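Notes follow the structure.
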Amino acid sequence: MNRTPIASDTESSKKKPFCVGMDLGTFKTSVIASNGNRAVAQSIVGFPKDHIARAALGRDVLFGSEVLDKRLSLDYVRPFQNGGLKYLDPAEAGVSGELVDLHKDAARLLINHVVSLVAPPKDTPVFGVIGVPSRASIKNKRFIIEAASQAFDAVIVVAEPFAVAYGMNLLVDALVVDIGAGTTDLCPMYGSYPTDEDQMTVPVGGSHVDEEFIRLMKEAYPNIPLSLRMAQQIKEKHGFVGEALEQVCVPLRVGGLPQQVDVTAPLQAACKILVEPVIEAIKSLIGDFDPEFQTSLLGNILLCGGSSQIQGFEKVIRKALEPYGACEVTRSNDCMFAVAAGALRLGMNMPQDHWNELLGKESDQKTNTPSAGVRIRAAA
Ligand SMILES: Nc1ncnc2c1ncn2[C@@H]1O[C@H](COP(=O)(O)OP(=O)(O)OP(=O)(O)O)[C@@H](O)[C@H]1O
Ligand SMILES: [Mg+2]
C-alpha cells in the first residue's frame, strides 16, 4: 500500500487524523485503529515457491496463519527475531545481502498488510505509533520507522511495556513485565517517560520454550516427531510453571498411529527456562531502582505478553519475591492487544501539533529515532 501524498501541512491538519496503534512482535503483529477496527496476524510472510504455486494460490504474498496452512507451496520468513529485525546488515549477520533484503521486504509488507486490515481512509493522514522492545537498538528503531513509512504519514516508536502501562493508565508506581515470544521487556513506571537505562530487555520468551520443548521431547521420545507448530499449540494449551497439578497427556502420532503421550515432564522443564531469567531481571531492576520507590514497584507488578499466560507464572514470581516484602503480581487480561491499545491511546492523546511537526520533518524521523521518544515524553 502506498499512502496518498499529503497536499500540505496546513491542509492535512484540518482533517481529523486516523491513528493506528501497533504491536510489531516477533510472533504476532496486532493493530487497533481510531475507527475501532482491530486486527492481528502472525508475523510471518510467505512467497509462492514457483509459478505453479503462484497460479494455485492466486497471490504473490501471504501472511500469518495462511502461510502456515499453505507452507508447502511457499518460501516463508519470520522477519523478526529476539525483538528486532532478524537480519539488519549482511556483514554483521554473516548472511547474504539478498537474505537481508528479503527480511526487510517481508517486514515492510507485513506492516502494510496489517494496516490495510483496519481500513485507513485514503484522504486522511494516517498516524502510527509502534511498540518495539524496550532496548531495541537505534538501528532497529530506524529501520522500523523506515519500513512503516509506506503505511503511515507519520510514525513514532515507543517501548512496548510503556505502551501497555499508558493504555492501562498505570503511569506511576508500577513495573510492567512483557513476556513475549523473543524477549521479555521490563519497564518501571514512575510518572514520566522511562529512560533506556531504566528499562531492561532479556533475550528469553515463548520461542525459546518451544525450542527447548522440542529438544526435550526428542530426548524422551526419539520416535515421536513434533513440529514447531505442534509444540507451540501444546504449550499454549497446557504450559505451566511450578508444581504439576495433573498429568498432561496429548494425542500424538507414534509410527503413524495416534496415541496419548505423557508430556508433563518435558513441558514443565521447557516452561521453567523462562522463570529464572524473568525473576532475576525483576530483582535486578527493582534492586537498582531508587530505594524509596522500590516498595511501590513491588506493590504493582503487571505481567503481559503472550507467554505470561503460562499457568502459574504470577504465583512463582510472587513466591520468589517474598523475601523483598509485600508484593502484588497481576496479569493483563488482553495479552493480544495490550501494546496496540496503549500505542493507539498515546497516538490519539498526542497533540495534533506534534503530529504535524513530524509530518513536516519526514527526513528527521527517519534518521533520528530518539527524537520520537522526546516527542512521546511531551505527550505523556
Ligand atoms: N495461552 C498461552 N500460554 C502460553 N504461551 C502462550 C499462550 N498464548 C500465546 N503464547 C505464547 O506467547 C508468545 C507470543 O507472545 P506475544 O504475542 O506477546 O509475542 P510478541 O509480542 O510477538 O513477541 P516479542 O514481544 O517477543 O517480539 C508465543 O511464544 C506464544 O506461543
Ligand atoms: Mg511483544
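The numbering of the sequence shown is the working numbering, which starts it at 15 and goes up by one.
Note that the Cβ used here is the ideal one computed from N, Cα and C, for glycine as well.
Since the model is a prediction, treat every value here as computed from it, not as a measurement.
**Any non-hydrogen atom of ligand 2 closer than 7 Å to GLU174 Cβ** = Residue mapping note: residue 174 aligns to position 160 of the sequence shown, counting from 1. Yes, Cβ of GLU174 sits closer than 7 Å to a heavy atom of ligand 2.
**Item:** Proximity test, GLY194 beta-carbon vs ligand 2 heavy atom, cut-off 7 Å
**Value:** Along the sequence shown, read from residue 1 onward, the residue named residue 194 stands at position 180. Result yes, Cβ under 7 Å from ligand 2.
**Prompt:** In chain order, which alpha helix (DSSP H) runs of at least 4 residues are fully inside the stretch 257 to 343?
**Reply:** 278 to 302, 305 to 312, 327 to 334
**Prompt:** How about HIS117 and VAL91: do their beta carbons lie closer than 8 Å?
**Reply:** By one-based count along the sequence shown, residue 117 stands at place 103. By one-based count along the sequence shown, residue 91 stands at place 77. In this structure, VAL91 lies closer than 8 Å to HIS117 by Cβ.
**Prompt:** Considering only residues of the same chain and omitting the five flanking positions on each side of GLY205, which have a CB-CB separation below 7 Å?
**Reply:** Translated into positions along the sequence shown, residue 205 becomes position 191. Excluding positions up to five away in sequence, the list reads LEU185, VAL186.
**Prompt:** How about PHE77 and ALA55: do their beta carbons lie closer than 8 Å?
**Reply:** Here residue 77 corresponds to residue number 63 of the sequence shown, with the count starting at 1. Here residue 55 corresponds to residue number 41 of the sequence shown, with the count starting at 1. Cβ atoms of PHE77 and ALA55: closer than 8 Å.
**Prompt:** Where does GLY361 sit, in a helix, a strand or coil, going by DSSP?
**Reply:** Taking the first residue of the sequence shown as position 1, residue 361 is located at position 347. Correct three-state label for GLY361: helix.
**Item:** Proximity of ILE287 and GLU226 at Cβ, strictly below 8 Å
**Value:** By 1-based counting over the sequence shown, the position of residue 287 is 273. By 1-based counting over the sequence shown, the position of residue 226 is 212. In this structure, GLU226 lies closer than 8 Å to ILE287 by Cβ.
**Rounded straight-line distance, which links the Cα of VAL277 to that of CYS263** = Against the sequence shown, residue 263 aligns to sequence position 249. Against the sequence shown, residue 277 aligns to sequence position 263. Using only the alpha carbons, I get a separation of about 6 Å.
**Item:** Contact check, SER320 vs GLY194, beta carbons under 8 Å
**Value:** Taking the sequence shown and counting its residues from 1, one reaches residue 320 at position 306. Taking the sequence shown and counting its residues from 1, one reaches residue 194 at position 180. Per the sequence presented here, residue 320 reads as Gly, with Ser not at that position. For GLY320 and GLY194, yes; Cβs fall inside 8 Å.
**Prompt:** Where PRO239 and LYS249 are concerned, what is the direct C-alpha to C-alpha distance, given to the nearest angstrom?
**Reply:** Position 225 of the sequence shown, counting from 1, holds the residue named residue 239. Position 235 of the sequence shown, counting from 1, holds the residue named residue 249. Roughly 16 Å separates the two Cα atoms.
**Message:** Considering Cα atoms alone, identify which of ASN96, LEU71, ARG229, ASN49 is closest to LYS42.
**Reply:** Translated into positions along the sequence shown, residue 42 becomes position 28. Here the closest residue by C-alpha is ASN96.
**Message:** DSSP three-state label for ARG149, please.
**Reply:** The residue labelled residue 149 in the question sits at position 135 within the sequence shown. Three-state result, ARG149: coil.
**Beta-carbon contacts of TYR180 that lie in its chain and below 7 Å, excluding the five residues immediately before and after** = Counted from its first residue, the sequence shown places residue 180 at position 166. These residues qualify, in order along the chain: GLY356, ARG359, LEU360, ALA394.
**Prompt:** Cβ-heavy atom distance between GLY39 and ligand 2 below 7 Å?
**Reply:** On the sequence shown, position 25 is the one that residue 39 refers to. The answer is yes for GLY39.
**Item:** Ordered list of beta strand (DSSP E) runs contained in the stretch 151 to 226, each at least 3 residues
**Value:** 168 to 173, 186 to 193, 198 to 204, 214 to 216
**Request:** Determine the burial state of SER22: buried for a count of at least 16 other Cβ atoms within 10 Å of its Cβ, exposed for fewer.
**Result:** Counted from its first residue, the sequence shown places residue 22 at position 8. Confidence in SER22 is poor, its pLDDT being 44 and thus under 50, which makes the residue's placement too unreliable to answer from.
**Prompt:** So is ILE159 buried or exposed if we call it buried at 16+ other beta carbons inside 10 Å?
**Reply:** As a first step, residue 159 is located in the sequence shown; it is residue number 145 there, counting from the start. Buried is the call here.
**Asked** What's the gap between the Cα of PHE32 and the Cα of GLN274?
**Response** Along the sequence shown, one-based indexing puts residue 32 at 18. Along the sequence shown, one-based indexing puts residue 274 at 260. About 51 Å.
**Asked** Taking all protein chains shown into account, do 16 or more other C-beta atoms lie within 10 angstroms of the C-beta of GLN261, making it buried, or fewer, making it exposed?
**Response** Taking the first residue of the sequence shown as position 1, residue 261 is located at position 247. Answer is exposed; the Cβ neighbour count stays below 16.
**Asked** Between which two residues does the alpha helix (DSSP H) carrying ARG68 extend?
**Response** In the sequence shown, the residue the question calls residue 68 occupies position 54. Segment 65 to 71, the alpha helix (DSSP H) holding ARG68.
**Prompt:** Under the rule that 16 or more other beta-carbon atoms within 10 Å means buried, what is PRO384, buried or exposed?
**Reply:** Looking up residue 384 in the sequence shown gives position 370. Here PRO384 scores only 31 on pLDDT, less than 50, and its place in the model is too uncertain to base an answer on.
**Prompt:** Can you tell me whether DSSP reads ALA386 as helix, strand or coil?
**Reply:** Residue numbering aside, residue 386 sits at position 372 when the sequence shown is read from its first letter. Residue confidence for ALA386 is low, a pLDDT of 42 falling below 50, so the modelled location carries little weight; the figure read from the coordinates is stated next. It is helical.
**Request:** Please confirm whether PRO175 and ASP192 have their CB atoms less than 8 Å apart.
**Result:** Residue mapping note: residue 175 aligns to position 161 of the sequence shown, counting from 1. Residue mapping note: residue 192 aligns to position 178 of the sequence shown, counting from 1. In this structure, ASP192 lies closer than 8 Å to PRO175 by Cβ.
**Asked** What residue range is occupied by the uninterrupted alpha helix (DSSP H) comprising MET244?
**Response** One-based indexing of the sequence shown puts residue 244 at position 230. Unbroken alpha helix (DSSP H) run through MET244: 242 to 252.
**Prompt:** Which stretch, first to last residue, makes up the beta strand (DSSP E) that contains LYS42?
**Reply:** As a position in the sequence shown, residue 42 is number 28, starting the count at 1. Run containing LYS42: 42 to 47, per the beta strand (DSSP E) assignment.
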